[in-house]
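Q: This is the structure I want to talk about, given as structure tokens.
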């Protein structure tokens, strides 16, 4: 067996697993899809093990792939650190990045750790807030970049689309709204655009409502729905077995898709912002 584990091949394996797709991995690595596939197949042949398997529409690591990635991440971290140490051109300064709870934090943390290893003189600071707060912070110059959310018909030309998802009326299993009753609404707060749209839909249909819970946390909203305090609006990413989509409202009060987008705070972003922007787009953008 070949005793070498090439850096580029390990990085290809890591990218495929992190993005779940050869296509997106090839975009991140600036390689052709065939080149990425060939690297993985070459590594599997070298080790005599299957490293990638399909889970629905995503590619995931096999058991052997998971074990190899434990070592691969250490190798790549050491390699990137050494390269950054001797790199004469280094990005410096601070990046203030705003994100919502809709962002997969485990994946984002991994990306930012990779970015920090490559640019050790850059300080990335993260703020987790609701979208309207992030947009205001961008306007006020308090953030350099934000990954925020809005309905697809309201995104602006300056927004870089990453992915879209559906939002749903959600209640605890078995919950029913009796016609004529005042509906109890669970929301993310007075300024949340989910709440504003929900109230518009209810009022347009003549359904009386009152806010039962205002909570800025996804976990808090899901918990309130779970114990039956009312009905709320959740994105597809936060559906779980504790709640169910309330079909009568889905048909009667359809909700638009939401877009997760990346926006700069300035019309002329500096190189350090462009570098992080490109990494986030390559890793998070969904076809």
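Residue numbers (UniProt numbering): 1 to 287. Quick reminder that beta carbons are idealized off the backbone N, C-alpha and C, glycines included.
Would residue 9 and residue 43 be called neighbours here (beta carbons separated by less than 7 Å)?
A: Yes. Within cutoff.
Q: Output the distance between the C-alpha atoms of residue 165 and residue 177, rounded to the nearest integer angstrom.
A: Residue 165 and residue 177: Cα-Cα distance of roughly 26 Å.
Q: From residue 174 to residue 131, what does the alpha carbon distance come to, in whole angstroms?
A: Those two C-alpha atoms are separated by around 31 Å.
Q: Looking at C-beta atoms only, is the number of pairs between the region 94-114 and the region 139-148 that lie closer than 8 Å three or more?
A: Cβ pair count under 8 Å is three or more, so yes.
Q: Between which two residues does the alpha helix (DSSP H) harbouring residue 201 extend?
A: Looking at the DSSP string, the run of the alpha helix (DSSP H) that includes residue 201 is 193-204.
Q: Taking the straight line between their C-alpha atoms, what separation do you get for residue 141 and residue 127?
A: Using only the alpha carbons, I get a separation of about 14 Å.
Q: Are the C-beta atoms of residue 150 and some chain D residue less than 7 Å apart?
A: The question asks about chain D, but that chain is absent: this structure has only one protein chain.
Q: I'd like the span of the beta strand (DSSP E) that includes residue 44, first residue to last.
A: Run containing residue 44: none in the beta strand (DSSP E); it sits in the alpha helix (DSSP H), 33-47.
Q: Are the CB atoms of residue 186 and residue 221 within a distance shorter than 7 Å?
A: Cβ atoms of residue 221 and residue 186: closer than 7 Å.
Q: Going by DSSP, which residues form a beta bridge with residue 95?
A: In DSSP, residue 95 forms a bridge with 124.
Q: Whose C-beta lies closer than 8 Å to the C-beta of residue 231 among residues of the same chain, with five residues either side of it excluded?
A: Same-chain partners within the cutoff: 169, 170, 171, 175, 177, 183, 184, 185, 186, 225, 246 and 249.
Q: The beta strand (DSSP E) spanning residue 284 covers which residue range?
A: That residue, residue 284, is in no beta strand (DSSP E); its alpha helix (DSSP H) goes 271-284.
Q: Spatial neighbours of residue 190 within its chain, please: C-beta separation below 8 Å, excluding the five flanking residues on both sides.
A: Within the same chain, residue 190 has close Cβ partners 214.
Q: Which residue comes first and which comes last in the alpha helix (DSSP H) that contains residue 26?
A: From DSSP, the alpha helix (DSSP H) with residue 26 extends over 22-29.
Q: Who pairs with residue 148 in a beta bridge, going by DSSP?
A: According to DSSP, which records beta bridges pairwise, residue 148 is partnered with 261.
Q: So, residue 259 versus residue 161, is the Cβ gap smaller than 7 Å?
A: Yes, the pair counts as a contact, with Cβ atoms nearer than the cut-off.
Q: Quick one: what's residue 186 bridged to in DSSP?
A: DSSP lists 213 and 232 as partners of residue 186.
Q: Please name the residue, chosen from 255, 32 and 227, that lies closest to residue 243 on a Cα-to-Cα basis.
A: Comparing Cα-Cα distances from residue 243 to each of 255, 32 and 227, the minimum goes to 227.
Q: Buried or exposed: where does residue 70 fall if 16 or more other Cβ atoms within 10 Å of its Cβ makes it buried?
A: Per the 10 Å Cβ criterion, exposed.
Q: Can the beta-carbon of residue 119 be found closer than 7 Å to that of residue 91?
A: Yes, these two residues count as a Cβ contact at 7 Å.
Q: Hey, residue 45 and residue 12 are a contact pair by Cβ (cut 8 Å); roughly how many whole angstroms apart?
A: With 8 Å as the limit, residue 45 and residue 12 do not qualify as a contact, their Cβ atoms being about 14 Å apart.
Q: Quick one, which of 36, 193, 210 and 179 has its alpha-carbon nearest residue 167's?
A: When only C-alpha atoms are compared, the closest one is 193.
Q: Quick one: give me the first and last residue of the alpha helix (DSSP H) that residue 219 is part of.
A: Taken as a continuous stretch (DSSP letters only), the alpha helix (DSSP H) holding residue 219 covers 218-226.
Q: Classify residue 61 as helix, strand or coil using the three-state DSSP reduction.
A: Of the three classes helix, strand and coil, the one that applies to residue 61 here is strand, per DSSP.
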